[in-house]
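2 protein chains.
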Amino acid sequence: MDAMQEVTPIPRRPLHEEATDRLRDLIVQGRLAPGARLNERLLTGQLGLSRTPLREAFKVLATEGLVELLPNRGAIVSQMDPVRLSESLAVMGALEALAGELACLNATEAQINEIRALHYEMLAYHARGDLAGYFKFNQAIHLKIVKYSGNAVLFNTYRHMNGNVRRARYMANLSKERWDAAVREHDAILAALSARDIERIKALLSDHLAHKLSSVLAELKALSTRQAA
Amino acid sequence: MDAMQEVTPIPRRPLHEEATDRLRDLIVQGRLAPGARLNERLLTGQLGLSRTPLREAFKVLATEGLVELLPNRGAIVSQMDPVRLSESLAVMGALEALAGELACLNATEAQINEIRALHYEMLAYHARGDLAGYFKFNQAIHLKIVKYSGNAVLFNTYRHMNGNVRRARYMANLSKERWDAAVREHDAILAALSARDIERIKALLSDHLAHKLSSVLAELKALSTRQAA
DNA sequence: GCTCCTAGAATTGCATACAAACTAATTTAT
DNA sequence: ATAAATTAGTTTGTATGCAATTCTAGGAGC
Chain A
191 MDAMQEVTPI PRRPLHEEAT DRLRDLIVQG RLAPGARLNE RLLTGQLGLS
241 RTPLREAFKV LATEGLVELL PNRGAIVSQM DPVRLSESLA VMGALEALAG
291 ELACLNATEA QINEIRALHY EMLAYHARGD LAGYFKFNQA IHLKIVKYSG
341 NAVLFNTYRH MNGNVRRARY MANLSKERWD AAVREHDAIL AALSARDIER
391 IKALLSDHLA HKLSSVLAEL KALSTRQAA
Chain B
191 MDAMQEVTPI PRRPLHEEAT DRLRDLIVQG RLAPGARLNE RLLTGQLGLS
241 RTPLREAFKV LATEGLVELL PNRGAIVSQM DPVRLSESLA VMGALEALAG
291 ELACLNATEA QINEIRALHY EMLAYHARGD LAGYFKFNQA IHLKIVKYSG
341 NAVLFNTYRH MNGNVRRARY MANLSKERWD AAVREHDAIL AALSARDIER
391 IKALLSDHLA HKLSSVLAEL KALSTRQAA
């Protein structure tokens with residue numbers, strides 16, 4: 191009996207949750223461009239549901255900062271304002287620093303080894319020059335550090351903010367130099383975590399996020415000038 | 191013409207926003223107790239609206255952690271789990287520390303003076319032994335520090351988490367000693383902000399939040415044992 | 001007496017209907 | 001010809017209706 195329930199965890203999800211996740215993915219992946227109007231009739235057709243769950247999804251995504259609600263004028267995909275992006279990364283820096291500290295205190299050796307495994311997988315993609323694969327494992331590592339802090343509220347808060355930043359990553363490329371530097375920073379972060387060196391990991395994560403910020407901003411700037419041309 | 195529009199900025203707010211705010215207040219003030227079922231038919235009657243905007247409000251409050259959605263079984267006011275509360279205060283400590291740092295860098299003298307004014311109003315309530323008034327200005331000061339960090343994302347993130355913590359404050363009393371100590375801590379925080387001493391304000395705010403945590407937890411524990419009796 | 005089962009009622013999830021607001025295009029007036 | 005006004009057509013905001021699920025009583029069986 192228990193076994194059967196385990197194989198079918200909860201196959202039927204609420205439609206509004208499904209809609210929220212689908213829309214979030216579309217926005218994060220840039221398939222719904224910043225500024226795009228979210229026409230309800232159109233989206234209900236494409237997603238195969240009615241307006242009610244769709245509009246519930248809008249409200250949730252608005253709290254995550256991914257869409258903007260214009261009263262009586264519908265919803266649009268929020269713009270990727272460089273200022274907002276900077277602010278988000280500053281906050282995420284503080285959150286990750288806290289996460290690093292807590293992970294040093296609370297993570298098990300097995301959990302650190304799991305992060306180490308992800309680290310090596312990431313290195314493999316870096317060696318192959320596969321940026322998309324690299325990002326995927328990079329993301330996973332940062333998420334795991336926050337997860338293994340053991341603070342569920344921190345994890346949720348971080349995940350919410352992450353959507354907005356991932357959106358930028360999807361568009362931003364990365365110079366070879368910055369990429370190499372980021373990998374070296376990850377080496378140091380893993381080392382600090384293994385040594386459970388709290389002060390060091392806090393400093394490293396703060397710096398890492400600050401660097402991430404400047405590289406994303408640079409790419410965003412390059413992107414906008416490219417579009418202007 | 192313009193003058194008339196200024197007196198009536200936008201009197202008609204979307205109903206679902208109004209509902210969200212009203213429900214949030216009810217929950218934060220404890221008038222909707224933790225664990226209480228949120229019957230839709232009942233609430234639509236009391237709030238004078240239909241189920242659609244009400245359910246939209248549920249979704250938003252769920253992202254703030256104030257209500258819990260049980261698929262096919264409705265919504266309940268989320269429990270005030272001591273663990274969750276601790277975690278929230280840890281995150282808020284990190285956020286406030288960042289806010290203090292940024293406020294030292296970015297706040298104008300006028301803004302710091304506004305915080306100073308709130309501080310003195312708070313001292314007045316402390317002198318009178320008026321806990322409710324004290325909390326009100328205490329809250330206002332913390333919010334202003336975050337606001338004057340100049341980071342809007344930080345402000346929003348902080349505000350979202352704050353609901354859950356304010357809820358605890360409404361229930362928690364405060365020992366005279368802890369109250370006096372908190373006031374002294376606020377003195378020091380204001381001094382550090384005035385001196386724009388970043389390292390000091392970060393340390394002070396982190397400690398202040400940590401103390402807040404232990405006092406809230408102590409009160410919560412006292413409350414639950416009182417209820418058990 | 002207790003557990004299990006089974007209508008019936010209540011409640012939720014989603015779809016649809018209707019009204020208010022907005023958009024845009026044509027007409028009218030200047 | 002330009003600008004304001006009017007009106008048809010969308011689109012959104014909210015209410016309501018219907019089907020599916022869950023809850024509650026009451027009774028049958030052990």
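For the protein sequence lines, the chains are A and B, in the order given.
To convert, note that position 194 of the first sequence is 384 in the numbering used here; the numbers rise steadily by one, no gaps.
To convert, note that position 72 of the second sequence is 262 in the numbering used here; the numbers rise steadily by one, no gaps.
All C-beta atoms in this analysis are idealised placements derived from N, C-alpha and C, irrespective of residue type, glycine included.
These numbers come from a predicted model, not from an experiment.
**Prompt:** Considering only residues of the same chain and omitting the five flanking positions on each side of residue 379(B), which have a CB-CB separation below 7 Å?
**Reply:** 391, 394, 395 and 398
**Request:** Within its chain, find whatever has a CB closer than 7 Å to the CB of residue 200(B); leave out the 5 residues flanking it on each side and keep chain order.
**Result:** Residue confidence is low: residue 200(B) scores 44 on pLDDT, short of 50, so the model does not pin down where it sits. Its coordinate-derived value is still stated next. Nothing meets the Cβ criterion.
**Request:** For residue 347(B), collect the residues of the same chain with a Cβ closer than 8 Å to its Cβ; drop the 5 residues on either side in sequence, then sort them by chain order.
**Result:** 285
**Request:** Over the uninterrupted beta strand (DSSP E) stretch that includes residue 264(B), give me the two end residues.
**Result:** 264 to 267
**Prompt:** Whole-angstrom Cβ separation of residue 343(A) and residue 278(B), contact assumed at under 8 Å?
**Reply:** 5 Å
**Prompt:** Is any beta-carbon of chain B found at less than 7 Å from that of residue 250(A)?
**Reply:** yes
**Request:** Just mark residue 491(A) as buried or exposed, buried being the case when its beta carbon has 16 or more other beta carbons within 10 Å.
**Result:** Past the boundaries of the shown model lies residue 491(A); chain A is included only from 191 to 419, so the question cannot be answered.
**Prompt:** Pairing CB atoms from the region 330 to 340 of chain A with CB atoms from the region 297 to 312 of chain A, are three or more of them under 8 Å?
**Reply:** Pairwise C-beta distances place the region 330 to 340 of chain A in contact with the region 297 to 312 of chain A, as three or more of them are shorter than 8 Å.
**Asked** Candidates 242(A), 220(A), 315(A) and 229(A): which alpha carbon is nearest residue 205(A)'s?
**Response** 242(A)
**Prompt:** What residues of chain B sit near residue 342(A), judged by a beta carbon separation below 9 Å?
**Reply:** 273, 274 and 277
**Prompt:** Straight-line CA distance for residue 375(B) to residue 312(A)?
**Reply:** 45 Å
**Prompt:** In chain order, which alpha helix (DSSP H) runs of at least 4 residues are fully inside the region 331 to 412 of chain B?
**Reply:** 342 to 361 and 366 to 384
**Asked** Near residue 410(B), what residues of its chain come up, given a Cβ to Cβ distance below 8 Å and the 5 sequence neighbours on each side ignored?
**Response** 270, 272, 275, 358, 361 and 362
**Asked** So with Cβ pairs under 7 Å, would you call residue 218(B) a contact of chain A?
**Response** no
**Item:** residue 195(A), buried or exposed, once every other Cβ within 10 Å from all chains shown has been counted against 16
**Value:** At residue 195(A), the pLDDT of 38 sits below 50, so the modelled position is not reliable and the matter cannot be decided from this model.
**Prompt:** In terms of residues, what are the limits of the alpha helix (DSSP H) holding residue 207(A)?
**Reply:** 205 to 218
**Request:** Assign residue 310(A) to one of two classes, buried (16 or more other C-beta atoms within 10 Å of its C-beta) or exposed (fewer than that).
**Result:** exposed
**Within chain A, partners of residue 227(B) - CB distance below 9 Å** = The premise fails here: residue 227(B) is roughly 18 Å from chain A at the closest Cβ pair, so nothing lies under 9 Å.
**Asked** Since residue 246(B) meets chain A, which of its residues come closer than 8 Å, beta carbon to beta carbon?
**Response** 245, 246 and 249
**Asked** Unbroken alpha helix (DSSP H) runs of length 4 or more, entirely within the region 225 to 308 of chain B: which are they?
**Response** 230 to 237, 241 to 253 and 272 to 296
**Message:** Between 291(B), 288(B), 415(B) and 227(B), which has its C-alpha nearest residue 266(B)'s C-alpha?
**Reply:** 227(B)
**Whole-number beta carbon distance between residue 373(A) and residue 332(A), since they are thought to touch under 8 Å** = Incorrect: roughly 14 Å between the Cβ atoms, too far for contact.
**Message:** Suppose the cutoff is 7 Å on Cβ atoms and the five residues either side in sequence are ignored; what does the same chain contact list for residue 268(B) look like?
**Reply:** 224, 255, 256, 257 and 258
**Prompt:** From residue 191(A) to residue 208(A), what distance separates their C-alpha atoms?
**Reply:** Confidence is the limiting factor: at residue 191(A) the pLDDT is only 39, short of 50, which leaves the residue's position unreliable and the question unanswerable from this model.
**Item:** Same chain, Cβ closer than 7 Å to residue 384(A), five either side skipped, listed in chain order
**Value:** 302
**Request:** Could you tell me if residue 222(A) is buried or exposed, where buried requires 16 or more neighbouring beta carbons within 10 angstroms of its beta carbon?
**Result:** In this structure residue 222(A) is buried. Its beta-carbon is surrounded by 16 or more other beta-carbon atoms within 10 angstroms.
**Asked** Hey, is residue 257(A)'s beta-carbon within less than 7 Å of any beta-carbon in chain B?
**Response** no
**Message:** Please identify the residue among 218(A), 216(A), 260(A) and 244(A) whose C-alpha is closest to the C-alpha of residue 203(B).
**Reply:** Per the Cα distances, 260(A).
**Item:** Whether residue 388(A) touches residue 291(A) by CB criterion (7 Å)
**Value:** yes
**Message:** Is the separation between the beta-carbon of residue 289(B) and that of residue 335(B) shorter than 7 Å?
**Reply:** yes
**Asked** Which residues in the same chain have their Cβ closer than 6 Å to the Cβ of residue 415(A), if we skip the five residues on either side of it in sequence?
**Response** Closer than 6 Å at the Cβ level, and outside the excluded window around residue 415(A), lies no residue.
**Asked** How about residue 253(B) and residue 253(A): do their beta carbons lie closer than 7 Å?
**Response** yes
**Asked** Residues of chain A with a CB under 7 Å from the CB of residue 253(B): which are they?
**Response** 250 and 253
**Item:** Distance between residue 330(A) and residue 304(A) (C-alpha atoms, nearest Å)
**Value:** 11 Å
**Simplified DSSP state of residue 323(A), which is helix, strand or coil** = helix
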